[in-house]
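Undergrad: Just dropping this structure here.
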Amino acid sequence: MSKNKPRPSQARASQSRTSQPRAPRVITSLTNERVKAIRALDMRKERRETGLFLAEGTSILETARAAEFVPQTLVYQAGSASSLVARLLISWALEAGGEVLEVSQAVLSKLSSKDNPQSMIGVFQQKWATLPERPARGDTWLALEEIRDPGNLGTIIRTADAVGAKGIILIGNTCDPYSREAVRATMGSVFDMPLAKVSREEFLVWRASWPGDVVGLHLDARDDFRHAAYKDPVLLLMGSEGPGLSESLTRSCSRLVKIPMAGKLDSLNLAVATALSLYQIRGDALSI
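Residue numbers (my numbering): 2 to 289.
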């Protein structure tokens, strides 16, 4: 037998060691470097530089798994992994090669949202889509210009997912859809809804090739959004919460519509207005 060839017992031991699944790493220190790095993802600058974002809660993490996202890091509180769902999520992360951290309550409190703390947090890679080149008949896309409120944006992403929109285009200086608040408001739809981001100039160049209607919601419009005959595929264009659509994007619309109101106010919350418009446009494609 060669000197370099391991004995059968040694080979079996080596094989056993390499086949063993990775185990969670235990962290209890608030000053741990991994804890600091994860906590830093609350800052947009850090999310932009790393391309990572946080998602909290087992329900949202289950959606991520179904959408075939893989966590770079999964964090859970020690003693909270007794449920089947939690155990499955931990196994999913370990088997996918992700880092799994079992942390103390103090550490998790530092990493969790103060408003709605969760016992499990995932760190994921952001995904950005490209602008559609050949939208099909029946497709609906949504374009949002300089949306500033992350709660509104997250709710809109969730609604677009609900009606079967093909994707969302973020135009200009829009708030980050991967911020903690926006991700929470999507209720997991951030993992299913394609998101693209472009400048106003890039959007206007691309818009010239759109084959159907480009519909803008505008206070000066004369057409009732409920009675318009939309030409497929439809691109719905919504402006920011205060100023609304810019002049250049308003001019780019093939059709301007408005939502009629009988009260004293002349405008609705952006997420509500977007939901009403999407359901009107997508109505024929939806069924119970």
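Every residue gets a Cβ at the ideal spot worked out from N, C-alpha and C, and that includes glycine.
As the structure is a prediction and not an experimental result, all values here were calculated from the model.
Here's the rule: buried if 16 or more other CB atoms are within 10 angstroms of the residue's CB, otherwise exposed. What is N153?
TA: Looking at its Cβ environment, which holds 16 or more other Cβ atoms inside 10 Å, N153 is buried.
Undergrad: Between which two residues does the beta strand (DSSP E) containing K128 stretch?
TA: Where K128 is concerned, there is no enclosing beta strand (DSSP E), given that its DSSP letter is neither H nor E.
Undergrad: Helix, strand or coil for V108? Go by DSSP, reduced to three states.
TA: Residue state, collapsed to three classes: helix.
Undergrad: Using beta-carbon positions only, say whether M308 and I158 come within less than 8 Å of one another.
TA: Since the first residue shown for the chain is 2 and the last is 289, residue 308 is missing from the structure and cannot be characterised.
Undergrad: What would DSSP say about K265, mapped onto helix, strand or coil?
TA: In this structure, K265 counts as coil in the three-state DSSP scheme.
Undergrad: Quickly, what does DSSP pair Q78 with across the bridge? List them, please.
TA: In DSSP, Q78 forms a bridge with V104.
Undergrad: DSSP on E146, reduced to helix/strand/coil?
TA: Note: E146 maps to strand in three-state DSSP.
Undergrad: Following the continuous alpha helix (DSSP H) through V191, name the residue where it begins and the one where it ends.
TA: No alpha helix (DSSP H) holds V191; DSSP gives it neither H nor E.
Undergrad: Can you tell me where the beta strand (DSSP E) with F54 in it begins and where it stops?
TA: Its beta strand (DSSP E) spans residues L53 to E57.
Undergrad: DSSP beta-bridge partners for L257?
TA: BP columns for L257 point to G217.
Undergrad: Return helix, strand or coil for K167, following the three-state DSSP convention.
TA: K167: coil per DSSP, three-state reduction.
Undergrad: Closer than 8 Å by C-beta to A197: which residues in its own chain qualify, once you throw out the five before and the five after it? Chain order, please.
TA: Excluding sequence neighbours, A197 sits near W129, A130, T131, L132, G168, I169, I170 and L171.
Undergrad: Give me the Cβ distance between V273 and A222, rounded to the nearest whole Å; I'm assuming they're in contact under 8 Å.
TA: About 17 Å separates the two Cβ atoms, so there is no contact after all.
Undergrad: Just tell me which of S278, E69 and L112 has its CA closest to the CA of R1.
TA: No answer is possible for residue 1: the residues shown for the chain start at 2 and end at 289.
Undergrad: Tell me, please, whether the region 91-98 touches the region 62-74 by the rule of three or more beta-carbon pairs shorter than 8 Å.
TA: The answer is yes - the region 62-74 touches the region 91-98, with three or more Cβ pairs under 8 Å.
Undergrad: Excluding sequence positions up to five away, which residues of its chain have a Cβ less than 6 Å from the Cβ of L102?
TA: Here the set comprises R26, I28 and V76.
Undergrad: Do S105 and P118 have their C-beta atoms closer together than 8 Å?
TA: Contact flag unset, no.
Undergrad: By the 10 Å Cβ neighbour count, where 16 or more other Cβ atoms means buried, how is S1 classified, buried or exposed?
TA: This structure leaves residue 1 out entirely; the chain is present only between 2 and 289.
Undergrad: Where do the ends of the beta strand (DSSP E) carrying R26 lie?
TA: That run of the beta strand (DSSP E) goes R26 to I28.
Undergrad: Helix, strand or coil: which one does DSSP assign to L1?
TA: Not covered by the structure: residue 1. The range shown for the chain is 2 to 289.
Undergrad: Rank E146, T175, I289 and L266 by C-alpha distance to the C-alpha of L246 and give the top, closest one.
TA: Residue E146 is the option with its Cα nearest to L246.
Undergrad: In terms of alpha-carbon separation, which member of R45, R35 and N33 lies closest to E182?
TA: Cα-wise, what sits closest to E182 is R45.
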